[in-house]
Structures are given as structure tokens and as C-alpha cells.
Ligand code: ATP
Ligand code: SF4
């Protein structure tokens with residue numbers, strides 16, 4: 001059994017005028033100690049997926065169907081109270097602006113102590129302080145941050161506090177949604193190196209949403225490519241990013257500087273992302289795909305499973 005099993009997940013935003021299908025029939029197994037990068041253009045459903053996993057989307061305006069099994073337990077069926085027990089302790093998520101949720105009137109250390117005590121009410125003051133200072137070291141913050149207020153910290157320092165907080169209970173699953181994007185490259189590299197050590201030492205599993213494919217290439221074992229709410233390709237980084245099989249992954253990689261070897265001209269993908277309020281009975285990428293044939297406009301491609309856990313949703317693989 002995988003640590004996280006997402007099965008046929010659909011997430012729809014209900015607005016006044018239309019329904020936006022932001023995640024569509026999405027299935028993924030995440031094994032313990034996996035590190036998975038989730039990439040795709042803006043609007044492809046990456047953040048919706050992250051928020052859906054922890055049921056952070058408002059019930060009134062979203063509809064979620066499918067299964068999200070964490071250690072075999074369906075998170076979609078858990079009560080709010082049981083989910084609260086799971087957050088921070090078993091699953092932590094850091095968004096790009098997570099620090100906005102901290103109170104401006106309390107010192108950082110005090111707020112972190114409070115969060116620590118939610119799951120460890122009997123721990124001594126000394127132990128809490130030790131754990132928090134250990135985490136500061138981990139994210140390259142000095143001890144003095146303990147006694148500072150949020151407004152006294154720079155954006156980068158705030159983000160490092162968020163990352164430290166997310167690790168406070170050694171969660172089993174850490175979801176980073178563009179969490180390191182605003183940091184300078186050196187700090188980002190240091191933090192990811194430390195997190196990778198944790199993945200080796202503890203059973204930490206990481207899902208990392210980013211626009212930066214080079215970060216995925218250097219810090220993740222696996223990659224998932226999303227487009228229009230769908231999973232188009234997934235597998236090991238050395239397969240998918242070196243020899244992509246899906247035309248969208250190929251286009252995405254052509255839009256980035258070369259990961260290895262010589263410099264290349266960046267090309268981009270002409271056209272724009274699909275209207276997610278429409279029902280697609282075709283390949284979702286068909287109107288932008290250079291390799292599209294008749295069948296691509298008539299039938300949704302099935303996901304082909306290749307050796308080495310490589311999944312590709314494209315008619316091309318079945319032969320036209
Ligand atoms: P980005 O990389 O820009 O963060 P993303 O891949 O994370 O994008 P999402 O933010 O998950 O994509 O958005 C997926 C789709 O859902 C988009 O079409 C977006 O406009 C739509 N969407 C997101 N939040 C809402 C909302 N609260 N109400 C209605 N539609 C939404
Ligand atoms: Fe392109 Fe057709 Fe493959 Fe879709 S199914 S990516 S349109 S070749």
C-alpha cells in the first residue's frame with residue numbers, strides 16, 4: 001500500500017455562472033520516501049490538488065469526488081476534527097504565502113510553541129525551545145528570530161519560518177506549493193539539501209509544486225506533469241525529463257533552458273490553456289499539440305503504463 005493513493009480525483013469550483021473542473025480524474029500513488037515534483041503551466045490545477053489533499057477548499061464552493069487514501073484512510077471521509085489531528089503531525093503543507101496566517105501581535109517563538117503544543121501538550125518548555133531552535137538552524141535562521149514579531153522579518157525569513165513550522169512534528173508527508181520560489185537560489189538549495197537528508201533519515205515524503213523544472217530535476221526522484229487538471233505524464237525524473245514521451249512534456253521542456261548539455265533556443269508552447277468550464281471529449285492538449293491527429297479530437301487518450309512506473313496519457317503511444 002502506498003503512503004498516499006489518489007484515485008479518480010475530481011475537484012470542481014462552483015462559481016455563479018459556471019463550474020470550473022480544476023482537477024480531472026487524477027490518480028497517483030505516492031510511496032513513502034518518494035519526492036515528487038508536480039509541474040505544469042499556470043492554471044493546470046497543481047495548487048487545487050494540494051489544497052484538495054488536505055481538504056482546505058471551502059465546502060460551499062467546491063465539489064470533490066474520488067478517493068484520497070493516506071495510510072489507507074480516506075481523507076475525504078474524515079471529520080474536521082480528525083483532519084485537524086492529522087495536519088502538522090502527519091501531513092504538512094507550505095504555500096508561497098503561508099506566513100500570512102501567523103498573527104502579527106505575537107512573537108514567532110511564542111506562536112511556534114503554541115502550534116507544537118497542539119499535538120504535544122505535555123512537553124516541557126525547554127524541549128519545545130530546543131526543537132524550535134534546531135529547526136531554525138535547519139532553515140538557516142538565527143536564534144534571535146525566536147523573539148521577533150512577523151513584521152520584523154523579511155519575506156524570505158518569513159518563508160523559512162513557515163518551512164520550519166511545517167517540519168515541527170516530523171510529518172510523514174510534506175507538501176511544498178511554490179514554498180521555496182521566493183527564496184534566493186542559495187537558501188533554496190540549502191533548505192532542499194536539508195529536506196533531502198530528512199527524507200533519507202526519517203520517513204519523510206515530499207510533494208513539491210513548482211514552476212522550476214530544474215529544481216525538480218535536482219531534488220526529486222519522480223515528476224508529475226499536469227495540464228488542464230489532468231495528469232499527462234508521470235514517472236522517474238531521469239526518464240520523463242530526459243526522454244519525455246508526451247508532446248506537452250516535450251513542449252514544457254523546450255520552454256526551459258537545457259537541464260544538461262549545450263544551450264538551446266527556448267521555444268514555448270503556442271496557444272493558451274483550455275477553458276476548464278467545458279467538457280472535453282478529446283485530448284485536452286489537442287488544440288495546441290503539433291502531433292495531433294483526428295483521433296486526438298474525438299477521444300480522450302487512455303493512460304498507458306510503461307515499465308518503471310512511467311505513465312503517459314497520449315494516443316501517440318498506442319499508434320494512430
Ligand atoms: P499556478 O501555477 O498559477 O498556481 P495552478 O496549476 O496551481 O496554477 P490552480 O491555481 O489550481 O492552478 O487553478 C486551476 C484552475 O482553477 C484555474 O483555471 C483557476 O482559474 C481555477 N481556480 C482556482 N481557484 C479558483 C476559485 N477559488 N474559484 C474558481 N476557480 C478557481
Ligand atoms: Fe497530442 Fe494527440 Fe497525444 Fe494529445 S493524444 S498529446 S493531441 S498526440
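Residue numbers (the numbering used here): 1 to 320. Beta carbons are placed, not taken as given, at the ideal position from N, Cα and C, and that holds for glycine.
Determine, using beta carbons only, whether residue i and residue j come nearer to each other than 8 Å.
{"i": "residue 313", "j": "residue 297", "result": "no"}
{"i": "residue 92", "j": "residue 166", "result": "yes"}
{"i": "residue 132", "j": "residue 163", "result": "no"}
{"i": "residue 210", "j": "residue 37", "result": "yes"}
{"i": "residue 34", "j": "residue 221", "result": "yes"}
{"i": "residue 200", "j": "residue 206", "result": "no"}
{"i": "residue 23", "j": "residue 54", "result": "no"}
{"i": "residue 30", "j": "residue 223", "result": "no"}
{"i": "residue 138", "j": "residue 194", "result": "yes"}
{"i": "residue 143", "j": "residue 136", "result": "yes"}
{"i": "residue 255", "j": "residue 271", "result": "no"}
Using only CA atoms, which one of the options lies nearest to residue i?
{"i": "residue 3", "options": "154, 172 and 152", "result": "172"}
{"i": "residue 60", "options": "85, 194, 23 and 14", "result": "14"}
{"i": "residue 232", "options": "119, 316 and 219", "result": "316"}
{"i": "residue 230", "options": "45, 33 and 201", "result": "45"}
{"i": "residue 323", "options": "203, 168 and 161", "result": "Residue numbering for the chain in the displayed model covers 1 to 320; residue 323 lies beyond these limits and cannot be assessed."}
{"i": "residue 26", "options": "20, 40, 11 and 18", "result": "11"}
{"i": "residue 186", "options": "140, 175 and 125", "result": "140"}
{"i": "residue 301", "options": "281, 65 and 58", "result": "281"}
{"i": "residue 306", "options": "135, 226 and 246", "result": "246"}
{"i": "residue 77", "options": "196, 67, 85 and 84", "result": "67"}
{"i": "residue 253", "options": "9, 5 and 41", "result": "41"}
{"i": "residue 204", "options": "17, 226, 75 and 89", "result": "89"}
{"i": "residue 83", "options": "119, 276 and 228", "result": "119"}
{"i": "residue 291", "options": "114, 256 and 250", "result": "250"}
{"i": "residue 175", "options": "51, 188, 16 and 28", "result": "51"}
{"i": "residue 248", "options": "273, 97 and 153", "result": "273"}
{"i": "residue 309", "options": "197, 214 and 237", "result": "237"}
Around the C-beta of residue i, are 16 or more other C-beta atoms found within 10 angstroms, so that it is buried, or is it exposed?
{"i": "residue 73", "result": "exposed"}
{"i": "residue 234", "result": "buried"}
{"i": "residue 219", "result": "buried"}
{"i": "residue 95", "result": "buried"}
{"i": "residue 100", "result": "exposed"}
{"i": "residue 56", "result": "exposed"}
{"i": "residue 147", "result": "exposed"}
{"i": "residue 293", "result": "exposed"}
{"i": "residue 278", "result": "exposed"}
{"i": "residue 21", "result": "buried"}
{"i": "residue 63", "result": "exposed"}
{"i": "residue 168", "result": "buried"}
{"i": "residue 242", "result": "exposed"}
{"i": "residue 226", "result": "buried"}
{"i": "residue 105", "result": "exposed"}
{"i": "residue 159", "result": "buried"}
{"i": "residue 202", "result": "exposed"}
{"i": "residue 16", "result": "exposed"}
{"i": "residue 178", "result": "buried"}
{"i": "residue 244", "result": "buried"}
*Quick one, what's near the ligand ATP if you take every residue whose CB is closer than 5 Å to any heavy atom, in chain order?*
13, 20, 22, 42, 43, 44, 45, 46, 47, 48 and 276
*asked:* List, from N- to C-terminal side, the alpha helix (DSSP H) runs of 4 residues or more that fit wholly inside the region 108-171.
replied: 108-119, 125-138 and 155-166
*Hey, which unbroken runs of the beta strand (DSSP E) at 3 residues or more fall wholly within the region 231-314?*
303-306 and 310-313
*Near the ligand SF4, which residues have their beta-carbon less than 5 Å from any of its heavy atoms, given in chain order?*
247, 283, 285, 286, 289, 291, 292, 296, 301, 314, 315 and 316
*At what residue ranges does the region 173-212 contain a whole run of the beta strand (DSSP E), taking only runs of 3 or more?*
173-177 and 205-209
*Return the chain-ordered ranges of every alpha helix (DSSP H) run that is complete within the region 7-77 and spans a minimum of 4 residues.*
46-53
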